[in-house]
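Numbers given in this note's numbering equal positions in the sequence shown, counted from 1, plus 761. Structure first, then comments.
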Amino acid sequence: MAVARLTDSEREELLRRHPEWSLVRDGDAIQRTFRFADFNEAFGFMTRVALLADKADHHPEWSNVYNRVEIVLTTHDAGGLSRRDAEMAKAIDAL
């Protein structure tokens, strides 16, 4: 079953609800950078996100350098942003 891409208005609503995220990759993904006190806090955050992602079966693209975690969300099956990305952004923001 194909996953539907967000419409332009749905994408705008996603950014309105989650202003810390920004569009990247010509609007096909969203990105957010998180900063923590140190590596231990950053890694703990990544662990919590990993548990959420595994439960949702929707895994982010991410990188970590010391206290910084950069997360990119996109749905490859949809060829861009989907409701799954909006739900994951909401869950990550709630952490």
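Just so you know, even glycine gets a beta-carbon here, dropped at the ideal spot from N, CA and C.
Residue of the options minimising C-alpha distance to residue i
i	options	result
L784	A847, A855, H820	A847
V830	A839, I853, R777	I853
N828	D838, A855, F795, R844	F795
Neighbourhood of residue i by C-beta distance below 8 Å, restricted to the same chain and skipping five residues each side
i	result
F804	N825
A814	H820, P821, M849
Residues near residue i in its chain [Cβ-Cβ closer than 7 Å; skip 5 each side]
i	result
L834	A790, I791, P821, D846, M849, A850
A765	A839, S843
Bounding residues of the alpha helix (DSSP H) (the contiguous stretch that carries residue i)
i	result
S783	First-last for S783: 783-785, but that is the beta strand (DSSP E), not the alpha helix (DSSP H).
L834	Counting along the chain, L834 falls outside any alpha helix (DSSP H), though it belongs to the beta strand (DSSP E) covering 829-834.
Range covered by the beta strand (DSSP E) that runs through residue i
i	result
A839	No beta strand (DSSP E) holds A839; DSSP gives it neither H nor E.
R796	790-796
V826	822-826
Checklist entry - Does the stretch 769-780 come close enough to the stretch 803-818 that 3 or more CB-CB pairs lie under 8 Å? => result no
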